[in-house]
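Protein sequences, first through last, are from chains A and B.
Residue numbers in the first sequence follow UniProt numbering, run continuously in steps of one, and reach 210 at the last position.
Residue numbers in the second sequence follow UniProt numbering, run continuously in steps of one, and reach 210 at the last position.
Just so it is clear, CB atoms sit at the ideal spot from N, CA and C, and this is done for glycine as well.
Keep in mind that this is a model prediction, so the values were computed, not measured.
A short worksheet on the structure shown next.
2 protein chains.
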Amino acid sequence: MVKRLTTKDKILNAAEALFAEHGFEQTSLRQITADAQVNLASVNYHFGSKKALIQAVMARYLEVLMPALHQELQTLSQQPQITTRAVFDCFRGPLQELIHVCRQGPTIFLSLLGFAYTEIQGHLRRYTMAHFGDVIQLLLTLLHAANPQLSPAEMFWRLHFVLGATVFAQVSGPALREIAAADFGEAIEADDVLERLIPFLAGGVDAPSK
Amino acid sequence: MVKRLTTKDKILNAAEALFAEHGFEQTSLRQITADAQVNLASVNYHFGSKKALIQAVMARYLEVLMPALHQELQTLSQQPQITTRAVFDCFRGPLQELIHVCRQGPTIFLSLLGFAYTEIQGHLRRYTMAHFGDVIQLLLTLLHAANPQLSPAEMFWRLHFVLGATVFAQVSGPALREIAAADFGEAIEADDVLERLIPFLAGGVDAPSK
DNA sequence: TTTAAATTAAAACGCATGTTTAAAATGCGC
DNA sequence: GCGCATTTTAAACATGCGTTTTAATTTAAA
Numbered sequence: 001m002v003k004r005l006t007t008k009d010k011i012l013n014a015a016e017a018l019f020a021e022h023g024f025e026q027t028s029l030r031q032i033t034a035d036a037q038v039n040l041a042s043v044n045y046h047f048g049s050k051k052a053l054i055q056a057v058m059a060r061y062l063e064v065l066m067p068a069l070h071q072e073l074q075t076l077s078q079q080p081q082i083t084t085r086a087v088f089d090c091f092r093g094p095l096q097e098l099i100h101v102c103r104q105g106p107t108i109f110l111s112l113l114g115f116a117y118t119e120i121q122g123h124l125r126r127y128t129m130a131h132f133g134d135v136i137q138l139l140l141t142l143l144h145a146a147n148p149q150l151s152p153a154e155m156f157w158r159l160h161f162v163l164g165a166t167v168f169a170q171v172s173g174p175a176l177r178e179i180a181a182a183d184f185g186e187a188i189e190a191d192d193v194l195e196r197l198i199p200f201l202a203g204g205v206d207a208p209s210k
Numbered sequence: 001m002v003k004r005l006t007t008k009d010k011i012l013n014a015a016e017a018l019f020a021e022h023g024f025e026q027t028s029l030r031q032i033t034a035d036a037q038v039n040l041a042s043v044n045y046h047f048g049s050k051k052a053l054i055q056a057v058m059a060r061y062l063e064v065l066m067p068a069l070h071q072e073l074q075t076l077s078q079q080p081q082i083t084t085r086a087v088f089d090c091f092r093g094p095l096q097e098l099i100h101v102c103r104q105g106p107t108i109f110l111s112l113l114g115f116a117y118t119e120i121q122g123h124l125r126r127y128t129m130a131h132f133g134d135v136i137q138l139l140l141t142l143l144h145a146a147n148p149q150l151s152p153a154e155m156f157w158r159l160h161f162v163l164g165a166t167v168f169a170q171v172s173g174p175a176l177r178e179i180a181a182a183d184f185g186e187a188i189e190a191d192d193v194l195e196r197l198i199p200f201l202a203g204g205v206d207a208p209s210k
């Protein structure tokens, strides 16, 4: 005897799917509530505001991803030798675990992350830093250990280039996969994009600085 | 005796500045016309629609950048040896020339490009391909020559990772430079970001594929 | 069963957007 | 200086947004 989905969860599920496809600002509460088959006003009743809904959608993923990632990074940090590639490989597992939040979870999360960074500048970045700042710090530390020749400032920038390439690949993912399929006759899955991405990122971070 | 700026140009200038700072969708025609000190309706009179205005703003840059880039790539294509780094260095000059369109032209253009890709998915990409498809094709050819070991599909994806990192670096540029300045005490100019970016991109493209 | 709280529902509010309209102003060849 | 085409202006339009309100309904404890 399964309990029917609560209104709150119906909203979260519908919002997440629409956010991941069209972005936060481009998705209206009316679309969300129509998809979720709930009343428009229930969003503000259960979440207070659209902004709070966005945070709730993101939190559902971050609260799964961040602890898992933290543990992976902790384990890696006890290794004698640390490579950039090993650091990025730490993301694999935790990202895959997101399928427990939702089918297509990894892809959806990265899309959300992309829109979060390009749309609402401070808002969500501050939330992430406040709640999971230690994970980010550990990540930076490990990347620096893997590349001691790079200055902290250099590493800061490269990490954001990494984020940019990742996020962009996901946001433009559907359109690009379409083009790729047409031009190269191969159907490329979202997970494959990550496979192609990681070597690229590691190569970029490890590159000589001049 | 200088002619006063025409209404059309006043709109273009104001729109460009606001688009580069806040993106296309986040900028309203009322903000634009207020900054330009022209009437609201004149945008639709001179350009027909907001979408057409966006295209006009981008065209002003693309028509300067693309021929210059095309020539650089042509010159490079006659070299016996082609490296990834050399391909990316072809962008330096043409990008710098954009200061003739407008002071801060290079930065503004890259910001516009960023928003163009993240916001209006097809629209502008189709325009670019239609008008400057040969330049893009040449770019892909040269990158393949520099990395014959990579399959066309692989190169396709890496080129888009490149675009993602670039675009993201510019869009998040102001916010990130602020953080960097606070954390590392160094004031980083927009041009410096490009200096840091190019080695990263070349390293990523040249990375082994597995 | 009664009653108070929690939830859902329909409607409206206030505001901002891109666009259109129609009149006023301006520029310019004759 | 006249007359016509171009341009500018102010106002309104239609639409969509997030949010609020108020009433109806459901839920669950007494």
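Terminal residues of the continuous alpha helix (DSSP H) containing residue i?
i         : result
Lys-8/B   : 7–22
Leu-62/A  : 50–77
Phe-161/B : 152–171
Thr-33/B  : 29–36
Phe-91/B  : 84–97
Val-43/A  : 41–46
Measuring alpha carbon to alpha carbon, tell me which of the options ends up nearest residue i.
i         : options                                       : result
Pro-106/B : Gln-149/B, Phe-88/B and Gln-170/B             : Gln-170/B
Ala-20/A  : Gln-137/A, Ala-207/A, Ala-202/A and Ala-116/A : Ala-116/A
Phe-156/A : Phe-47/A, His-144/A, Val-87/A and Ala-165/A   : His-144/A
Ile-11/B  : Ile-54/B, Val-135/B, Ala-207/B and Asp-134/B  : Ile-54/B
Ala-165/A : Asp-9/A, Leu-142/A and Leu-197/A              : Leu-197/A
His-160/B : Glu-154/A, Val-167/A and Arg-158/A            : Val-167/A
Leu-112/A : Leu-5/A, Glu-16/A and Ser-209/A               : Glu-16/A
Pro-67/A  : Ala-153/A, Arg-125/A and His-131/A            : His-131/A
Lys-51/B  : Leu-40/B, Asn-39/B, Val-38/B and Glu-25/B     : Glu-25/B
Asp-125/A : Leu-163/A, Glu-154/A and Asp-192/A            : The sequence as given places Arg at residue 125/A; Asp does not occur at that position. When only C-alpha atoms are compared, the closest one is Leu-163/A.
His-70/A  : Val-57/A, Asn-44/A and Phe-91/A               : Phe-91/A
Excluding the five sequence neighbours on either side, which residues of its own chain have a C-beta within less than 8 Å of the C-beta of residue i, listed in chain order?
i         : result
Leu-65/B  : Pro-94, Leu-95, Glu-97, Leu-98 and Phe-109
Ala-86/B  : Leu-76, Gln-79 and Ala-146
Leu-18/B  : Thr-27, Gln-31, Ile-32 and Asp-35
His-46/B  : Thr-7, Lys-8 and Ile-11
Gly-203/B : none
Phe-200/A : Ala-165
Glu-154/B : Ser-209
Val-57/B  : Leu-12, Ala-15, Glu-16, Phe-19 and Leu-112
Met-129/A : Ile-136
Leu-5/B   : Asn-13
Might you give, ordered along the chain, the residues of its own chain that have their beta carbon closer than 6 Å to the beta carbon of residue i, omitting 5 neighbours on each side?
i         : result
Leu-194/A : none
Ser-42/A  : Thr-7
Ala-36/B  : Lys-10, Ile-11 and Ala-14
Val-2/A   : Reliability of the predicted coordinates at Val-2/A is poor, the pLDDT of 47 falling under 50, and no value is obtained from them.
Arg-158/B : Val-205
Spatial neighbours of residue i within its chain, please: C-beta separation below 7 Å, excluding the five flanking residues on both sides.
i         : result
Leu-142/A : Leu-73, Leu-76, Ser-77, Ile-82 and Val-87
Leu-40/B  : Leu-29, Arg-30 and Thr-33
Asp-206/B : Thr-84 and Asn-147
Tyr-127/A : Gln-55
Val-38/B  : Thr-7, Lys-10 and Ile-11
Taking one C-beta from the stretch 95–102 of chain A and one from the stretch 52–65 of chain A each time, how about it: are there three or more such pairs within less than 8 Å? yes
If we count Cβ pairs, one from each stretch, closer than 8 Å, do we get three or more for the stretch 129–141 of chain A versus the stretch 68–88 of chain A? yes
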